[in-house]
Amino acid sequence: MATHDIQGTRRNERRAVDIACEVMTSRSELAALLRCTDLSMNGARIRSGIAPGEDELVVLSFKPPSERRELTLFAKVRHVVRRGRAVRGFGVQFLRTSARERRLLREALGESVQIAS
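Numbers given in my numbering equal positions in the sequence shown, counted from 1, plus 1325.
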């Protein structure tokens, strides 16, 4: 999930992915193993049957295809995706990414392969 400028146009292109990820919220001491289905330089969409509250801070970890180590990013929940009363997932905006993290995100977005768990 990318951020938008004042006119509502997307600043970064999103890419459909299938990445195993761990998400930790302030409400749980355990990380949930989920799937990232959308990725951009500014954020991600996470498929989940439960969701943190909007504006809640979360920690998102996943392994980019070009790396052996996990990439861990701090993010804020910006949108909860629902179908009727059921939660389908949530979108997050990354906070304070370093130069290394931005490089790894660019590489992950440039990969054409889907990432399996």
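Backbone N, C-alpha and C define an ideal beta-carbon position, used for all residues, glycine too.
What you are looking at is a predicted structure, and each value in this text was computed from that prediction instead of being measured.
Legend entry - Rounded Cβ spacing between V1383 and V1417 (contact assumed at less than 8 Å): 6 Å
Legend entry - Coil, strand or helix - R1394 by DSSP: coil
Legend entry - the region 1352-1363 in contact with the region 1388-1403 per 3-pair CB rule at 8 Å: no
Inset, instruction - Please specify which runs of the alpha helix (DSSP H), each continuous and at least 4 residues long, are wholly inside the region 1346-1420, giving them in chain order. - result: none
Inset, instruction - Out of F1419, R1427, S1423 and A1341, state which residue places its alpha-carbon closest to the alpha-carbon of E1381. - result: F1419
Legend entry - Backbone secondary structure at R1340 - three-state DSSP: strand
Legend entry - Nearest neighbour of E1325, chosen from P1389, R1339, R1340 and R1407 [CA to CA]: This structure leaves residue 1325 out entirely; the chain is present only between 1326 and 1442.
Inset, instruction - State the Cα-Cα distance for the pair R1431 and G1368, rounded to the nearest angstrom. - result: 12 Å
Inset, instruction - Quick one: residues in its chain with C-beta nearer than 6 Å to the C-beta of A1376, no 5 flanking neighbours on either side, listed in chain order? - result: V1405, V1412 and F1415
Legend entry - Contacts around I1371, its chain only, beta-carbon distance under 8 Å, and the 5 residues preceding and following it disregarded: C1346, V1348, L1359, R1360, C1361, T1362, L1385, G1414, F1415, G1416 and V1417
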